[in-house]
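As they're listed, the protein sequences go chains A and B.
Using numbering that gives the first Met the number 0, read the first sequence as starting at 0 and increasing by one per residue.
Using numbering that gives the first Met the number 0, read the second sequence as starting at 0 and increasing by one per residue.
A virtual CB, placed ideally from N, CA and C, is assigned to each residue, including glycine.
Working notes, beginning with the structure itself.
Protein chains: 2
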Amino acid sequence: MKIIILRLGHRPQRDQRITTHVGLTARALGAEGMLLASDDSGIGKSINDITERWGGSFYVSRTKSWKSEINKWKNSGGKVLHLTMYGMNFPDVVGEITTDNLMVVVGAEKVPPEIYELADWNVAVGNQPHSEVAALAVVLDRLQTLHGNEPLKTEFAGGELEIVPARAGKEVKSR
Amino acid sequence: MKIIILRLGHRPQRDQRITTHVGLTARALGAEGMLLASDDSGIGKSINDITERWGGSFYVSRTKSWKSEINKWKNSGGKVLHLTMYGMNFPDVVGEITTDNLMVVVGAEKVPPEIYELADWNVAVGNQPHSEVAALAVVLDRLQTLHGNEPLKTEFAGGELEIVPARAGKEVKSR
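Listed below in structure tokens is the structure:
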């Protein structure tokens, strides 16, 4: 399953760290890239720096129109999952989510109401207020595990650094 | 499995939103409470406001000494899991993590080196840099699921508001 993220409603001052966490989580858990509906260029830079050092081919692209990205995705046969605490609880709909090309829409505080209609699934990760970073992580983890991939063992080719997992302490080697 | 969170290294200005996301994720995914090693009172207030409105008994307590909290926990028979990108990859050690009382230590940018020795397990959620919020979410989700609980269906008694899950749009009812 190819997965990309569309990050909406990013406010450059307020959301910088959260959006960075969204992007890094997407990368670490096997998504292909993130479209960012904002002209904030700092996020892309800091995530691309990570990819350069730690490998893989994750990308961040800025877009001026979230709606045309969704329409383009759907027109080419992809499906759209919108994360919202108001949606159907994930365990109750996960069986429906079968597609080879999934766009996960991750909103910040307010999202345009239209998104609820454009999405194929409006999904809550538990119907409680929490974190879009956590919600994204659980969805990426469960969906891929269900389809036989272990997202925590995603391979990141290239890059300069690699961690040697350790029972205690820190070990990093150069590649 | 009773789970509590110990949040370390919180810097009041810089980490406020991330620590709030850590706490809300812990609450939403069934942890009992969060100990915050910082004198920042704003976090506790904003998370307690959520609990008041949305129910359940999640708590936030500030502590002056993270080390005495860990020692107290271990002395009463609990185990300690420290989340770190340098640790053993979660899928490789998850089978070892059997305890009725788990403390999950979630650090911010820098943590005292001693913590690696005090923890029973140093665990990475994939050995890549990403987000402590995402790492916590995956660990809470997988550990509880493995032990037969569905964390996304945690019940939150009391509170004022409840979401009615919807295919599209938002529906909230008062309790």
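Any C-beta of chain A under 8 angstroms from that of residue i
i: Y58 of chain B; result: no
i: H20 of chain B; result: yes
i: W65 of chain B; result: no
i: D99 of chain B; result: no
Per-residue contacts from residue i into chain A (C-beta, under 9 angstroms)
i: T153 of chain B; result: G125 and Q127
Proximal residues of chain A, C-beta to C-beta of residue i below 7 angstroms
i: K169 of chain B; result: Y85
i: I49 of chain B; result: P128
CB contact below 8 angstroms: residue i versus chain B
i: L23 of chain A; result: yes
i: I2 of chain A; result: no
i: L28 of chain A; result: yes
i: A107 of chain A; result: no
i: R16 of chain A; result: yes
i: I162 of chain A; result: yes
i: A136 of chain A; result: yes
i: E116 of chain A; result: yes
i: D140 of chain A; result: yes
Nearest to residue i (by Cα), restricted to the options the options
i: N74 of chain A; options: A:G106, A:N126, A:I162 and A:D119; result: A:D119
i: P128 of chain B; options: A:K1, A:G76 and A:G29; result: A:G29
i: R174 of chain B; options: B:W53, B:V124 and B:V59; result: B:W53
i: V137 of chain A; options: A:P90, A:S56, A:T19 and A:R61; result: A:P90
i: I69 of chain B; options: B:P11, B:V103 and B:G147; result: B:V103
i: A27 of chain A; options: B:V124, B:L151, B:L139 and B:A25; result: B:V124
i: R61 of chain A; options: A:G32, A:P111 and A:R13; result: A:G32
i: N126 of chain A; options: A:D14, A:L7, A:S64 and A:M87; result: A:M87
i: E116 of chain A; options: A:L34, A:T144 and A:K78; result: A:K78
i: A36 of chain B; options: B:P150, B:R141, B:D14 and B:A167; result: B:D14
i: T98 of chain A; options: A:L142, A:A133, A:R16 and A:Q12; result: A:L142
i: M0 of chain B; options: B:D140, B:D48 and B:G43; result: B:D140
i: S64 of chain B; options: B:I49, B:L34, B:D48 and B:P150; result: B:L34
i: A25 of chain A; options: A:E161, A:I96 and A:P150; result: A:P150
Euclidean distance between Cα positions of residue i and residue j
i: I3 of chain A; j: H9 of chain A; result: 17 angstroms
i: L23 of chain A; j: K66 of chain A; result: 23 angstroms
i: Y85 of chain A; j: K172 of chain A; result: 44 angstroms
i: G76 of chain B; j: F155 of chain A; result: 39 angstroms
i: L101 of chain B; j: K109 of chain A; result: 35 angstroms
i: D39 of chain B; j: K71 of chain A; result: 45 angstroms
i: L80 of chain B; j: E113 of chain A; result: 42 angstroms
i: G41 of chain A; j: E159 of chain B; result: 39 angstroms
i: I46 of chain B; j: L82 of chain B; result: 22 angstroms
i: T18 of chain A; j: F57 of chain A; result: 15 angstroms
i: P111 of chain A; j: H146 of chain A; result: 31 angstroms
i: G55 of chain A; j: G157 of chain B; result: 46 angstroms
i: T144 of chain A; j: T153 of chain B; result: 22 angstroms
i: E170 of chain A; j: P11 of chain A; result: 35 angstroms
i: A133 of chain B; j: P164 of chain A; result: 19 angstroms
i: G44 of chain B; j: G94 of chain B; result: According to the sequence shown, residue 44 of chain B is Lys rather than Gly. Distance between the alpha carbons of K44 of chain B and G94 of chain B is about 36 angstroms.
i: E161 of chain A; j: D48 of chain A; result: 15 angstroms
Contact set between residue i and chain B, taken where Cβ atoms lie within less than 7 angstroms
i: S130 of chain A; result: H20, L23, T24 and V132
i: R166 of chain A; result: M87 and N121
i: W72 of chain A; result: What W72 of chain A touches in chain B: nothing, since even the nearest Cβ is about 18 angstroms away.
Neighbour list for residue i in chain A, Cβ cutoff strictly below 8 angstroms
i: A156 of chain B; result: Within chain A, no residue comes near A156 of chain B; the closest Cβ sits about 13 angstroms away, beyond 8 angstroms.
i: P90 of chain B; result: E149, L151 and K152
Cβ separation of residue i and residue j, assumed to be a contact under 8 angstroms, to the nearest whole Å
i: A107 of chain A; j: L7 of chain A; result: 7 angstroms
i: L135 of chain B; j: V21 of chain B; result: 6 angstroms
i: V92 of chain A; j: E131 of chain A; result: The Cβ separation is near 18 angstroms, so there is no contact.
i: N121 of chain B; j: A167 of chain A; result: 6 angstroms
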